[in-house]
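K.L.:
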Amino acid sequence: MNEMDPKTEKQTDTEEFKIPVNDKRRFNEHGEPVATNIETPEEPVKKEPVKSPREIELEAILKAENERREAAEAKLVGVQAKFEEAKASLEKETAEMRTRLMRSLEDKANQSKFNFLQALLPVLDNLNLAISASEQNASVEDLRSGVSVVARSFEHALAQVGVVPVEAVGADFDPEAHEAIDMAPVDAELDGKVTSEYQRGYRFGERLLRPAKVQVGKAQ
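Under the numbering used here, the first residue of the sequence shown carries the number 178, and numbering increases by one thereafter.
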């Protein structure tokens, strides 16, 4: 029988009683243990609350109402934009129309002034002729004739622009067209009629430029 070496036998006994150790610890450079596998506790899963059919119906109604409201707001914004555009266009057209109207009125006024000045030129010509005639012939009759021509030409110029004399002698007294200066005794048939004119009155269209100063008859 072979005898076992005491060293070998001792080594074998040690190996038989060696307990395996699985140490998973880690150490840093200072020899301090470092945790390598720290398990984090799992958070509990939150369960969604179960909605009732009524809640689902109300949410659907609310969503539809929100969509209708947003559509109405978008339509209102579009209508407002169109309104502002139409307003700006109308204001522009109104301003242009006002400008054209003012220009047209100014043109008519200037044309009326032009026509009136043209009508006055013959009056000035006749007045100059009367002055020249009076220098050559100092006769009162000639001077009266020349002044009469000037007066008629001036009245003709006034008539061209719409100025007409107020009817006076022989017409019934009209306080809106006549200004009574005095009264004269007359027969009954001439009572209240204009018997004499001191200053001629004139109308411009329907407007009275000035009343005629007259004498009115009064029956005895």
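Glycine is no exception: its CB is placed at the ideal position from the N, C-alpha and C atoms.
Using three-state DSSP, classify glutamate 261 as helix, strand or coil.
P.N.:
Residue state, collapsed to three classes: helix.
K.L.:
DSSP three-state call for aspartate 302: helix, strand or coil?
P.N.:
Helix, per DSSP.
K.L.:
Grouping DSSP H, G and I as helix and E and B as strand, with all else coil, what is lysine 390?
P.N.:
DSSP places lysine 390 in strand when its eight states are reduced to three.
K.L.:
With DSSP as the reference, label serine 373 as helix, strand or coil.
P.N.:
If DSSP states are grouped into helix, strand and coil, serine 373 belongs with the strands.
K.L.:
Identify the continuous beta strand (DSSP E) that holds alanine 361 and give its terminal residues.
P.N.:
Counting along the chain, the beta strand (DSSP E) containing alanine 361 begins and ends at 355-363.
K.L.:
If contact is defined by three or more beta carbon pairs under 8 Å, each pair taking one atom from either stretch, is the segment 374-389 in contact with the segment 337-354?
P.N.:
Cβ pair count under 8 Å is three or more, so yes.
K.L.:
Which same chain residues end up closer than 7 Å to methionine 178 when comparing Cβ atoms and leaving out the 5 residues on each side of it in sequence?
P.N.:
With a pLDDT of 46 at methionine 178, under the threshold of 50, the modelled position of this residue cannot be trusted, and the question is left open.
K.L.:
Would you kindly report the start and end of the unbroken alpha helix (DSSP H) that includes valine 338?
P.N.:
Counting along the chain, valine 338 falls outside any alpha helix (DSSP H), and DSSP gives it neither H nor E.
K.L.:
Do you know whose CA, among Glu353, Ala357, Lys285 and Ala296, lies nearest leucine 335's CA?
P.N.:
If we check each option's Cα against that of leucine 335, Ala296 comes out closest.
K.L.:
Please report the distance separating the alpha-carbon of alanine 265 from that of arginine 384.
P.N.:
If you take the alpha carbons of alanine 265 and arginine 384, they lie about 41 Å apart.
K.L.:
Given this structure, state the Cα-to-Cα distance separating leucine 304 from glutamate 283, to the nearest angstrom.
P.N.:
Taking the straight line joining both Cα atoms gives about 31 Å.
K.L.:
Helix, strand or coil for phenylalanine 144, going by three-state DSSP, please let me know.
P.N.:
The requested residue 144 does not occur in the structure, where the chain is confined to residues 178 to 397.
K.L.:
On the three-state DSSP scale, how would you describe lysine 395?
P.N.:
Here lysine 395 sits in strand by DSSP.
K.L.:
Does the beta-carbon of alanine 365 have 16 or more other beta-carbons within 10 angstroms, so that it is buried, or is it exposed?
P.N.:
So alanine 365 ends up on the exposed side.
K.L.:
Taking phenylalanine 350 as the reference, which of Leu278, Arg321 and Lys395 has the closest Cα?
P.N.:
When each option's Cα is compared against that of phenylalanine 350, the closest is Lys395.
K.L.:
What distance in whole Å lies between the Cβ atoms of glutamate 353 and valine 391, which are believed to be in contact at a cut-off of 8 Å?
P.N.:
Rounded, the Cβ-Cβ distance is 13 Å, inconsistent with contact.
K.L.:
Using only the alpha-carbon positions, how far apart do threonine 276 and serine 311 sit?
P.N.:
Their Cα atoms are separated by approximately 52 Å.
K.L.:
What is the rounded straight-line gap between the Cα of lysine 252 and the Cα of alanine 272?
P.N.:
If I take the Cα positions, the gap works out to 30 Å.
K.L.:
What residues are listed by DSSP as bridge partners for arginine 380?
P.N.:
Arginine 380 pairs with Val341 and Leu385.
K.L.:
When burial is assigned at 16 or more other CB atoms within 10 Å of the CB, is alanine 307 buried or exposed?
P.N.:
The residue in question, alanine 307, is buried, as its Cβ has 16 or more Cβ neighbours within 10 Å.
K.L.:
Where does aspartate 319 fall in DSSP's three states?
P.N.:
If DSSP states are grouped into helix, strand and coil, aspartate 319 belongs with the helices.
K.L.:
Return the residue from the list Asn314, Ala286 and Ser330 that minimises the CA-CA distance to aspartate 302.
P.N.:
When each option's Cα is compared against that of aspartate 302, the closest is Ser330.
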